[in-house]
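Positions in the sequence shown are counted from 1; adding 301 to them yields our numbering. Backbone N, C-alpha and C fix where the C-beta goes; we use that ideal spot for every residue, glycine too.
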Amino acid sequence: MIVKGYVGSMDVEETKKLAEDGIYVFNSKCIVGKEHLEYAYTKAKENFERGRNIANNFHIEIMLILTGRRQISTAIKLAGMDNADSFGAISEEGFELDYERDDSVLDCSEKKLRYLGIDIELGEKSCDLAFENSALLELER
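Printed below as a string of structure tokens:
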């Protein structure tokens, strides 16, 4: 699994084209570390393999898990590229995108936790709450 961070904006059509090639991109505001995106991707893949997916689209299933939401429209609003100025990308194959590379856009922050609806002071383990948020969605299935 390859995860990279980038600075720049991307339109919906480009994200769809990349997804067709197995490269999935998400607003960096909803990603609290490379491991968070890897977790969401792995869970989405497992859900599709087991027939437990909520969304019919793999890209959207990842968004649901990343954001910890059950509502597709809410997940797309949070994880989609509308108004994003940076993004995370994940693929099982090597890839390069024509954007400025900056993996720091994937780092956890209090602002990102608030964006995801997790209201807590940033402490040593607070970024783990994003994983818990995603895991709770799995328990509700």
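May I ask which residues mark the beginning and end of the alpha helix (DSSP H) holding residue i?
| i | result |
| --- | --- |
| residue 366 | 359-368 |
| residue 405 | Residue 405 -> no alpha helix (DSSP H), and no H or E assigned at all. |
| residue 415 | 411-416 |
| residue 348 | 335-351 |
Under a three-way DSSP split, which group does residue i fall into?
| i | result |
| --- | --- |
| residue 309 | coil |
| residue 391 | strand |
| residue 328 | strand |
| residue 419 | coil |
| residue 380 | helix |
| residue 355 | coil |
Taking residue i as the reference, give the member of the options with the closest Cα.
| i | options | result |
| --- | --- | --- |
| residue 329 | 389, 355, 340 | 389 |
| residue 387 | 404, 308, 303, 313 | 308 |
| residue 302 | 404, 391, 337 | 391 |
| residue 313 | 411, 356, 360 | 360 |
| residue 407 | 419, 315, 332, 343 | 332 |
For the beta strand (DSSP E) containing residue i, name the first residue and the last one.
| i | result |
| --- | --- |
| residue 400 | Careful: residue 400 lies outside any beta strand (DSSP E) and carries neither H nor E. |
What does DSSP give as the partner residues of residue i in its beta bridges?
| i | result |
| --- | --- |
| residue 303 | 392 |
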